[in-house]
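Numbered per my numbering, the sequence shown spans residues 12 to 402.
All C-beta atoms, glycine included, are put in the ideal place defined by N, C-alpha and C.
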Amino acid sequence: VAGKAIISLLRFKKMTARPLSLTSNAFEKMPGFYTVPSSPLRRKQKDLPTETIELVVHGLKGELLLGPDVASVAVDIGQVKQRVLDTSRQAVIAGTVSRALPLQTFLTAGATIHLLHNKRATRDIETLHSLMADDDGVPEPLSPGTESLLSQVSESLPCTPAGYAKASGGAFKDKKSRNAARVELVAVIFVKTYGVATAWGDPVTGGYIPLSMIQSLSSNIAGVFANGRSFAAVTDVGAVTTWGDAACGGDSRSAAQTLTKVFSICCNPWAFAAFKEGGKITAWGDSESGGDTSQVADRLASGVVKMFSSDFAFAALKDTGEVVTWGDPQCGGDSSAVASQLASSVTEIFHNQSAFVARREDGALAAWGDPVAGGDLTAVSEEVSSGVETV
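Following this line, the structure appears as structure tokens:
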């Protein structure tokens, strides 16, 4: 396997003063962040809630990745990273920021975001308050290789954000000083693309790579996904190459024209479903196990935010709270019995090999699939009619 480390500059299209339109309730309710009316002008500190500041995250070339957001000074770097990830994911799903697609592809493959403040690598446990006070404390160690790479990146950055002066206590404030205190961070992600050199094992189930695919798999692979009998590789630009048992997803030619701009793949033992820019879903493999979306294609054409699978079916959660299912009816592919409960307001889905359970905003549960595997809540209907926090 050949590897090549590269630094992703996280280049998003530049955002205007109007914030990205998001519909995910989970995103909007993220602890520590406030919903404040946007303004083309710099916010004043007196207009913000107490104990809050403005937060801005840039890419390495000054691209605006996040903000200006209004956040509690108690928010830590780990929460800021999650905010950046959620913003990026929402942009990909909404199809509004195409350059977020490579970022999501690499994050799905396991890459990690690092945030720099004043040219220094931050740690997840540090709060915005500690950054304002320049209080490093005793930072948790990073690996020597990561520290070295981040140091090289830091050397290329300006000392302070243009147009800002360092105020007492370490916070950045506009030189007029009446504007809101602001913490500015720079995001860096180290990613690795590689080539798939060979495969071994049962040739029918992916242990042999056809010669015709060697070139497409030789470089720029961001991640490889596998079900029980085949493989699917995704490149850094969202192209997909598959091999293995043709009946179980190893042959994706039927979906080839729609397998573009893919950033993640969900699979069960018999089929694959690709998560694409714009919140679109494309599936292939065993048609009876979810490899055929023709019956729900119009509902999967946009707005999907999460995907889940049982052994023989898929369920997609949309930004409206609607749930779309397809695949083996006995294992969750048919949710018509609880259709009214899945039409909106669903916030999370849980699953096992043969059934699904959806949690609604009010804490009520709805289940479908094999009754023996939990797809029937009749016996506990009163207990799960509201107030359930998790399953």
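Straight across, the Cα-Cα distance linking D135 with A105 is about 28 Å. According to DSSP, A285 shares a beta bridge with I276 and T293. By the CB criterion at 9 Å, I232 and T204 fall inside the cutoff. Residue environment for S392: exposed (fewer than 16 other C-beta atoms within 10 angstroms of its C-beta). Straight across, the Cα-Cα distance linking L96 with F117 is about 11 Å. Within the same chain, Cβ atoms closer than 8 Å to the Cβ of V235 are found at V207, F242, A243, A244 and V245, the five residues on either side in sequence being excluded.
Annotation: the continuous beta strand (DSSP E) that includes T204 extends over R193 to G206. DSSP, read as helix, strand or coil, puts L139 in helix.
Counting only the Cα atoms, V81 lies some 45 Å from W281.
With a cutoff of 9 Å on beta-carbon distance, A198 and L142 are scored as not near each other. In summary, A354 is exposed, with fewer than 16 beta-carbon neighbours lying within 10 Å of its beta-carbon over all protein chains present. For F323, the secondary structure class from DSSP, reduced to helix, strand or coil, is coil. Rounded to whole angstroms, S298 and A122 show a C-alpha spacing of 33 Å. Excluding residues up to 5 positions away in sequence, T293 and W295 lie with their Cβ nearer than 6 Å to the Cβ of A266 in the same chain. Taking the C-beta atoms as reference points, G217 is found nearer than 9 Å to W254.
Shown here, M318 sits in a strand according to DSSP, grouped into three states.
When the five nearest sequence neighbours on each side are left out, the beta carbons in the same chain lying within less than 8 Å of the beta carbon of N190 are those of R53, R54, K55, Q56 and K184, in order along the chain.
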